[in-house]
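In UniProt numbering, the protein residues as written are 1 to 305. Just so it is clear, CB atoms sit at the ideal spot from N, CA and C, and this is done for glycine as well.
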């Protein structure tokens with residue numbers, strides 16, 4: 001199905017388009033802004049986005065929604081007893097090179113046709129997944145990560161992955177991130193959209209930093225969300241299994257999604273917070289911190305220390 005006719009689609013043009021073409025040379029057709037919140041996505045979304053927008057959900061679906069570089073995949077798969085995390089981004093995320101056009105596995109159609117129960121991961125905002133957001137039966141886990149940690153991880157990831165090959169500097173990406181000109185932005189709208197409905201019983205809102213620092217408590221929280229119980233020994237074993245060093249060594253999870261080519265160590269980096277000190281200049285960090293504080297005004301959204 002196509003995107004709704006009343007959904008605004010604006011192509012990025014002018015000086016911004018020229019600058020982005022240098023940073024993202026593989027996205028030859030550029031980018032678009034979608035809807036009233038100006039969701040920033042590759043041009044392919046204008047052609048393929050309707051598949052995700054109109055996705056046919058099922059009551060026993062589990063969705064993991066995050067802004068990029070904010071998830072802890074193995075935690076959800078282990079506790080939900082799902083061995084496969086389906087991804088619905090490939091139709092939109094693929095660049096404009098011929099090889100990328102051939103990717104079909106893990107496309108929306110592939111995920112749509114999988115048997116229940118399905119465990120589906122997505123970086124789309126809930127605004128762009130209305131059939132998911134409006135389904136009170138399927139489970140939704142949203143994970144938010146401190147924006148400073150996100151932008152550092154996002155920069156490293158985009159440089160390493162074959163499908164993007166980001167050519168800009170960290171300062172360029174950071175400024176684009178703050179101006180909502182990076183893929184999947186705007187970051188704050190992404191997080192706040194989920195935060196606004198966190199009270200719904202089928203939604204679990206977590207913070208990446210809290211999961212990392214308080215793994216045992218979050219294992220219990222996620223288990224309860226799935227209606228499962230574990231004794232202390234089982235929780236301890238799961239926590240050890242999810243330790244970042246063991247997580248990195250696991251060949252089943254230390255790999256990107258199908259069709260994504262990059263160094264394995266780049267897919268799961270150090271798994272730590274506050275890891276970008278060497279990338280931020282004092283001036284850039286001051287600017288970024290002010291941007292964060294400005295966007296947290298008049299909200300009850302508080303990131304863990």
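Roughly how many whole angstroms lie between the Cα atoms of residue 130 and residue 50?
To locate residue 130, count along the chain shown from 1; it is residue 130. To locate residue 50, count along the chain shown from 1; it is residue 50. Approximately 11 Å between the Cα atoms of the pair.
To which residues does DSSP link residue 121 through a beta bridge?
Taking the chain shown and counting its residues from 1, one reaches residue 121 at position 121. Residue 121 is bridged to 64 and 87.
Measuring CB atoms only, is the stretch 29-47 touching the stretch 204-212, in the sense that at least three cross pairs come out at less than 8 Å?
No, because fewer than three Cβ pairs between the stretch 29-47 and the stretch 204-212 fall closer than 8 Å, the two stretches do not touch.
Proximity winner among 3, 296, 287 and 278, relative to residue 128 (alpha-carbon distances):
Looking up residue 128 in the chain shown gives position 128. In this structure, 3 is the residue among 3, 296, 287 and 278 with its C-alpha nearest to the C-alpha of residue 128.
Helix, strand or coil, according to DSSP, for residue 303 in the structure here?
Against the chain shown, residue 303 aligns to sequence position 303. Here residue 303 sits in coil by DSSP.
Distance between residue 148 and residue 288 (C-alpha atoms, nearest Å):
As a working mapping, residue 288 is identified with position 288 in the chain shown. As a working mapping, residue 148 is identified with position 148 in the chain shown. Rounded to whole angstroms, residue 288 to residue 148 spans 8 Å at the Cα level.
Measure the alpha-carbon distance for residue 218 versus residue 211 and round it to whole angstroms.
In the chain shown, counting from the first residue as 1, residue 218 sits at position 218. In the chain shown, counting from the first residue as 1, residue 211 sits at position 211. Rounded to the nearest angstrom, the two C-alpha atoms are 6 Å apart.
Please report how far the alpha carbon of residue 24 lies from the alpha carbon of residue 122, in whole angstroms.
As a position in the chain shown, residue 24 is number 24, starting the count at 1. As a position in the chain shown, residue 122 is number 122, starting the count at 1. C-alpha separation (whole angstroms): 22 Å.
Might you give, ordered along the chain, the residues of its own chain that have their beta carbon closer than 6 Å to the beta carbon of residue 185, omitting 5 neighbours on each side?
Translated into positions along the chain shown, residue 185 becomes position 185. Contacts found: 40.
Using DSSP with H/G/I as helix, E/B as strand and the rest coil, what is residue 184?
Walking along the chain shown from the start, residue 184 turns up at place 184. Coil at residue 184, not helix or strand.
Is residue 61 buried or exposed, if buried means 16 or more other CB atoms sit within 10 Å of its CB?
Here residue 61 is taken as the residue at index 61 of the chain shown, counted from 1. Residue 61 is buried by the Cβ-count criterion.
Delimiting residues of the alpha helix (DSSP H) encompassing residue 161:
As a first step, residue 161 must be located in the chain shown, where it is residue number 161. No alpha helix (DSSP H) contains residue 161, which DSSP labels as neither H nor E.
C-beta contact flag for residue 235 and residue 216 at 8 Å:
Start at 1 with the first residue of the chain shown, and residue 235 comes out as number 235. Start at 1 with the first residue of the chain shown, and residue 216 comes out as number 216. Yes, these two residues count as a Cβ contact at 8 Å.
Cβ neighbours of residue 193 in the same chain (closer than 6 Å, five flanking residues each side left out)
Here residue 193 refers to the residue found at position 193 of the chain shown. Around residue 193: 125, 126 and 127.
For the stretch 51-58 against the stretch 150-166, do three or more pairs of beta-carbon atoms, one drawn from each stretch, fall closer than 8 Å, so that the two count as touching?
Counting C-beta pairs closer than 8 Å gives fewer than three between the stretch 51-58 and the stretch 150-166, which falls short of the contact rule.
By alpha-carbon positions, which one of 168, 297, 169 and 112 ends up nearest to residue 188?
Numbered from 1 along the chain shown, position 188 holds the residue referred to as residue 188. For the residues 168, 297, 169 and 112, the minimum Cα distance to residue 188 belongs to 297.
Same chain, Cβ closer than 6 Å to residue 116, five either side skipped, listed in chain order:
The count along the chain shown starts at 1 and reaches residue 116 at position 116. Once the five neighbours on either side are set aside, the close Cβ partners of residue 116 are 58 and 60.
Range of the contiguous beta strand (DSSP E) that encloses residue 142
Here residue 142 is taken as the residue at index 142 of the chain shown, counted from 1. Where residue 142 is concerned, the enclosing beta strand (DSSP E) stretches over 139-144.
Within this structure, are the beta carbons of residue 140 and residue 26 separated by less than 8 Å?
Here residue 140 refers to the residue found at position 140 when the chain shown is read from its first residue. Here residue 26 refers to the residue found at position 26 when the chain shown is read from its first residue. The answer is no: Cβ separation not under 8 Å.
Comparing alpha-carbon positions, which option in 175, 181, 238 and 196 lies nearest residue 290?
In the chain shown, the residue the question calls residue 290 occupies position 290. Just measuring C-alpha positions, the residue of 175, 181, 238 and 196 sitting nearest residue 290 is 175.
I'd like to check one pair, residue 8 with residue 35: are the Cβ atoms closer than 8 Å?
Position 35 of the chain shown, counted from the start, is the residue given in the question as residue 35. Position 8 of the chain shown, counted from the start, is the residue given in the question as residue 8. A Cβ-Cβ contact shorter than 8 Å links residue 35 with residue 8.
Residue 31 versus residue 17 - alpha carbon distance:
Mapped onto the chain shown, residue 31 falls at position 31. Mapped onto the chain shown, residue 17 falls at position 17. In a straight line, the C-alpha of residue 31 is about 8 Å away from that of residue 17.
Which value, in whole angstroms, describes the spacing of the CA atoms of residue 137 and residue 238?
As a working mapping, residue 137 is identified with position 137 in the chain shown. As a working mapping, residue 238 is identified with position 238 in the chain shown. Roughly 27 Å between the two C-alpha positions.
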